[in-house]
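S.K.:
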Amino acid sequence: MRQLILRPSNNYVRPLLFDNFFDNFFNNEFQSEFSPKVDISETDNSFNFLFSVPGMDKSDLSIEIDKGYLTVSGERKFEDKKESYHSIENGFGKFSRSFQLPDDIDESKVSANYKNGILNISIKKDTKASIKKTIEIK
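Numbering (my numbering), first residue to last: 30 to 167.
1) Contact check, SER81 vs LEU99 under 8 angstroms by CB: the rounded distance?
2) Beta carbon of ILE152, beta carbon of ILE166: below 8 angstroms?
3) Can you give me the start and stop residues for the beta strand (DSSP E) that THR100 sits inside?
4) Just mark PRO168 as buried or exposed, buried being the case when its beta carbon has 16 or more other beta carbons within 10 Å.
5) Out of ASP95, SER91, PHE63, point me to the one whose CA is closest to ASN142's CA.
6) Of all the options SER75, GLN129, PRO83, which has the alpha carbon lying nearest to the alpha carbon of LYS66?
7) Give the DSSP-derived three-state secondary structure of LYS6 in the structure shown.
8) In this structure, does DSSP put THR163 in helix, strand or coil?
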């Protein structure tokens, strides 16, 4: 699947021109989609996932581990305050992100916390599965 990267021009706030009308009209659907960015790191003891989900409550998010996959889903709702917007660049809507997990995790040792728009998920490694063994060739 090919991803479309939309790079709007850095226009200052000004009256809507005829050519900008078509750009904004046809690109509006791309701006309304929301997929949170995620940073994934690994330590000696765990795998860590940091999701950037500003403006959301923890009740808007769902975390599941099933069959070796971590799935984070939720919905970022648009609050229409009856304002006259010139531009809306923040994405809104439902999202779901899934990640295949390695075999050396302990699914019973998962923790998550949400603070200041960052969802932090930590999955501990299974120390029994990560023991390295050298096999002698006969």
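Every residue, glycine too, gets a C-beta built ideally from N, C-alpha and C.
Keep in mind that this is a model prediction, so the values were computed, not measured.
M.R.: Looking at the atomic coordinates:
1) Residue mapping note: residue 81 aligns to position 52 of the sequence shown, counting from 1. Residue mapping note: residue 99 aligns to position 70 of the sequence shown, counting from 1. In fact, because the Cβ distance is near 16 angstroms, the residues do not count as touching under 8 angstroms.
2) As a first step, residue 152 is located in the sequence shown; it is residue number 123 there, counting from the start. As a first step, residue 166 is located in the sequence shown; it is residue number 137 there, counting from the start. Going by C-beta atoms, ILE152 is not nearer than 8 angstroms to ILE166.
3) Numbered from 1 along the sequence shown, position 71 holds the residue referred to as residue 100. Counting along the chain, the beta strand (DSSP E) containing THR100 begins and ends at 98-105.
4) Because the chain is modelled from 30 through 167, residue 168 falls outside the range shown and cannot be assessed.
5) Numbered from 1 along the sequence shown, position 113 holds the residue referred to as residue 142. Looking from the CA of ASN142, the closest CA among ASP95, SER91, PHE63 belongs to SER91.
6) By 1-based counting over the sequence shown, the position of residue 66 is 37. Residue PRO83 is the option with its Cα nearest to LYS66.
7) With the chain covering only 30 through 167, there is no way to say anything about residue 6.
8) Within the sequence shown, numbered from 1, the residue matching residue 163 stands at position 134. In the structure shown, THR163 sits in coil (DSSP, three-state: anything other than H, G, I, E or B).
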